[in-house]
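When the count follows this note's numbering, it moves up by one through the sequence shown with no breaks and lands on 151 for the last residue. C-beta: ideal position from N, C-alpha, C; glycine also. Just so it is clear, the structure is predicted and the values come from calculations on it, not from any experiment.
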Amino acid sequence: MIYVRTPSPLETELMEELGRIERKIADLQKEKLTVERMVNRLRREKVIQSDATRSNSFRRVIVENKILEILSDGNIYSTKSVYGAIKFEYLGLKSTTFRSYLHRMRLRGLIEPNGYGRWMLPGKPVSAELIAFPSPSGKQIEGAIRPSQSSRPEKGR
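Take a look at the structure:
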């Protein structure tokens, strides 16, 4: 005959507590890895720490710098194309978060809208033609816009 030992209520409670602790440890290890990746990315990107006031601001600053880097070639890009180029590098970046970064950058005057869902650096030409640019995977992405030769009229004229 085989006897099966039934755990006592105290043993069951302690085993459940051990399970909760193991889950907390796993969550903390994931958080540690995330912070380590942020530190490494900050070092790689040479982000000025004064731009970030909270720990989740570091990622925003890094993504904003990447947006400015993409727009710095003088072309006008759609939200979708810039997000497509960035999301491969920053996995887990949601499109709504990305759009909020664009909105904040617009409010601070770092970028300007050029039509619906199109972005450029301040002071660039208004009209433009659609071009393609390579994504990190090497494929061509439609959505970048090459400015025409006309220039934006200065404000106040």
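| Query | Result |
| --- | --- |
| Report the three-state DSSP secondary structure of R102 (helix, strand or coil). | coil |
| Does the contact criterion of 3 or more C-beta pairs under 8 Å hold for the segment 96 to 115 versus the segment 72 to 87? | yes |
| Can you tell me which of E5, G13 and G68 puts its alpha carbon nearest to the alpha carbon of R112? | G68 |
| Would you identify the three-state DSSP class for S72, choosing helix, strand or coil? | strand |
| Locate the alpha helix (DSSP H) running through R112, then write down its first and last residues. | Per DSSP, R112 belongs to no alpha helix (DSSP H); it is in the beta strand (DSSP E), R112 to M114. |
| For S89 and Y77, which I take to be in contact (beta-carbon distance under 8 Å), what is that distance rounded to the nearest angstrom? | 6 Å |
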